[in-house]
Amino acid sequence: MAQAITIDLNLRRWRSDFTLYEYLECNIGIFLCRLWEDPQTEAANRNRLYRKASSFLVAGDLARRRYRDAGQETNSVHPSPPSCSLLSAGRCFAGTQNVSSMQKDEAWKVNVRIHGCDLEQGYLCGTMEALNVPLADTPVVTFWEGEIVDAKNYTFFTGKWEASPEDDIRHWSKFPSFTPLLSQIETDGGKSLDLSNYPHIFMRWKEQYFVNVGVDCGLTIAGFYYVCFSCSDGSISGFYYDPSSS
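Add 172 to a position in the sequence shown, counting from 1, and you land on the number used in my numbering.
Here it is as structure tokens:
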């Protein structure tokens, strides 16, 4: 039986000026410094850190290019999702993540920070910090990228990550705010939906890297989150999907 993982986050009422570029630069520096902490560092580990630093550079370049293009006018048939100031770079959220399985139920605190958000391109990215994770000696931080469902860049159907249309509908239907949209999605896949004034923003978050720990930290990032964001109060709820998790 697969695990049922949910997140429930609330907006923190403060804003950080710590940009995605600075964040990535900081971590690249950390990775490269680790290479020289111990002259006896194994070559394989040194190569792993170099690859990770390079991956962050690629992610940072992608984010910067998306920032550069953000705000440019586009002639699109589909309006962008609502321009919600609560979903923007620098915003921080805090809440809990709940994991339920046949063996046991667990819950730990989670902090999320958004480092980039481009509604026009349907893109956002950030970090997720899980606290008090069993088997982990330190908080576990991951870097994630997200897709914003806007019927222009992304639809409610994932089309990857081993998620079938049935999986998509089943998970989206867990959000009460999705119910009014279901009939139109069943009719044309949601292509004709106008979500520009809808009070909720639907997203998929896919964790890309462990930032501060190894893959043996006790958590998996093989799956992804179905996420619903409330434009009225900044609350976030989500459900994790990973067909191989048990």
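Just so it is clear, CB atoms sit at the ideal spot from N, CA and C, and this is done for glycine as well.
Taking all protein chains shown into account, decide if residue i is buried (16 or more other Cβ within 10 angstroms of its Cβ) or exposed.
i           : result
residue 399 : buried
residue 334 : exposed
residue 394 : exposed
residue 290 : buried
residue 288 : buried
residue 324 : buried
residue 314 : buried
residue 366 : exposed
residue 322 : buried
Alpha carbon to alpha carbon, how far is residue j from residue i? Give it in angstroms, no decimals.
i           : j           : result
residue 410 : residue 387 : 23 Å
residue 336 : residue 327 : 13 Å
residue 416 : residue 340 : 16 Å
residue 320 : residue 308 : 31 Å
residue 272 : residue 280 : 12 Å
residue 261 : residue 286 : 5 Å
residue 360 : residue 406 : 30 Å
residue 408 : residue 330 : 19 Å
residue 373 : residue 382 : 26 Å
residue 363 : residue 293 : 16 Å
residue 244 : residue 258 : At residue 244 the pLDDT is 43, less than 50, meaning the model places this residue with poor confidence and gives no usable figure here.
residue 298 : residue 369 : 24 Å
residue 356 : residue 347 : 16 Å
residue 377 : residue 338 : 19 Å
In this structure, how does DSSP classify residue i when only helix, strand and coil are distinguished?
i           : result
residue 180 : strand
residue 344 : helix
residue 358 : helix
residue 338 : helix
residue 392 : coil
residue 351 : helix
residue 383 : coil
residue 279 : strand
residue 290 : strand
residue 378 : strand
residue 369 : coil
residue 310 : coil
residue 400 : strand
residue 303 : coil
residue 416 : coil
With distances taken Cα to Cα, identify the nearest neighbour of residue i among the options.
i           : options               : result
residue 343 : 391, 375 and 306      : 375
residue 312 : 397, 391 and 407      : 391
residue 403 : 178, 383 and 182      : 182
residue 296 : 259, 356, 318 and 369 : 318
residue 379 : 278, 302 and 401      : 302
residue 396 : 269, 316, 304 and 282 : 316
residue 283 : 270, 385 and 265      : 265
residue 371 : 401, 384, 269 and 351 : 401
residue 310 : 385, 350, 348 and 413 : 385
residue 115 : 358, 352 and 332      : Since the first residue of the chain shown is 173 and the last is 418, residue 115 is not available in this structure.
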